[in-house]
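All remarks here apply to the structure that follows.
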Amino acid sequence: MGFVSDTVVDGKLDRRYLTGICGDANLRTPLGPRRVEMLNPGDMVVTRDHGLQPVRMIWTRTVSASDMQKHPDLAPIRLKPRAIGPMMPSRDLRIASGHRALIPGYLIANVPDDTSYLMRVDAVALASDAAYMDRAADTVVFYNLVFDRHEVFCAEGVPIESFRPSPKAISLLDVDARETIVDLFPNLARKRCAYPSAKHPVARGRSYRACHA
């Protein structure tokens, strides 16, 4: 079963819970790079931890230009090429400020260099001139991919997390999307932690150190 849904921002969404990548972002698939807006439920995507995995659901959130004028922090973060490291990203990537990327430990203060950590991309924008909030955008559509489990996959070479339907995240979906995701994963209606996080540590956002490569 697959599902595509669109949710329109009502202007009250906290940017901490705004996730997704913008259209035109290339994802790694067994057929080569594919733009996120061209994917459909059932398509295979290469994940970091579990190889090829089918997309179970795609939901989008639309933020209008007027929304961003009233609430500038809803604008996407633009990561310029090499903002995080070589080929990370390989070209401009626009991504929601609340979305998390898997960042190498050597770019994070006071953690082991040989471990990668999930970190919100707005932390990168705070520390790097190669990442900034793109307030020049018109209406933006953020795409969120749901797999059978919380995954990490590459968008323009940057490893990012898939959507994790936590209780808070589910509460922000529209009714149709909420009902469908519970149909896909019935345990969500019975267990608070029925969809656990990916097995990667999480770093505090403000500990990011800009890459000067």
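Residue 70 in UniProt numbering sits at position 70 of the sequence shown, and the numbers go up by one each step.
Just so it is clear, CB atoms sit at the ideal spot from N, CA and C, and this is done for glycine as well.
Alpha carbon to alpha carbon, what distance is there between residue j and residue i?
i      : j      : result
Phe185 : Asp24  : 29 Å
Ala198 : Thr60  : 21 Å
Val202 : Gln53  : 23 Å
Gly51  : Leu31  : 14 Å
Pro33  : Asn26  : 5 Å
Met38  : Thr180 : 21 Å
Met88  : Arg82  : 5 Å
Ala213 : Leu188 : Interpretation of Ala213 is limited by its pLDDT of 47, a score under 50 that renders its predicted location unreliable; the figure taken from the coordinates is listed afterwards. Using only the alpha carbons, I get a separation of about 43 Å.
Thr47  : Leu79  : 21 Å
Asp49  : Phe153 : 9 Å
Pro76  : Asp183 : 30 Å
Lys163 : Arg135 : With the sequence shown as reference, residue 163 is identified as Phe, and Lys is not the correct amino acid for it. Approximately 24 Å, taken between the alpha carbons.
Leu102 : Arg190 : 30 Å
Gln69  : Met133 : 13 Å
Ala127 : Pro167 : 31 Å
Glu161 : His200 : 10 Å
Gly105 : Pro86  : 15 Å
Glu156 : Ile108 : 21 Å
Leu173 : Ala125 : 26 Å
Asn40  : Ile58  : 7 Å
In terms of residues, what are the limits of the beta strand (DSSP E) holding residue i?
i      : result
Glu161 : 158-161
Arg178 : No beta strand (DSSP E) contains Arg178, which is instead part of the alpha helix (DSSP H) from 175-184.
Tyr17  : Taken as a continuous stretch (DSSP letters only), Tyr17 belongs to no beta strand (DSSP E), as it is neither H nor E.
Ala155 : 152-155
Phe142 : 140-146
Specify, as a first and last residue, the run of the alpha helix (DSSP H) that residue i falls within.
i      : result
Ala169 : 167-171
Please name the residue or residues paired with residue i in a DSSP beta bridge.
i      : result
Asn187 : Per DSSP, none; premise fails for Asn187.
Tyr208 : Ile108
Residue ranges of each beta strand (DSSP E) within the segment 76-136, 3 or longer: Scanning the segment 76-136 for uninterrupted beta strand (DSSP E) segments of 3 residues or longer gives 77-79, 93-95, 100-104, 116-120, 131-133, listed from N- to C-terminal end.
Do the segment 105-112 and the segment 136-154 meet, that is, are 3 or more Cβ pairs less than 8 Å apart? Touching, no.
At which residue ranges does the segment 26-71 contain complete beta strand (DSSP E) runs of 3 or more residues, listed in the order of the chain? DSSP assignment within the segment 26-71 yields the following whole beta strand (DSSP E) runs of 3 residues or more, N-terminal first: 26-29, 32-35, 44-47, 51-54, 57-63.
Quick check: the segment 119-132 against the segment 85-103, are there 3 or more CB pairs under 8 Å? Judged by Cβ distances under 8 Å, the segment 119-132 makes contact with the segment 85-103, as three or more pairs qualify.
Any contact between the segment 61-79 and the segment 129-147? By contact I mean 3 or more CB pairs, one from each, below 8 Å. Flag = yes, the segment 61-79 and the segment 129-147 touch.
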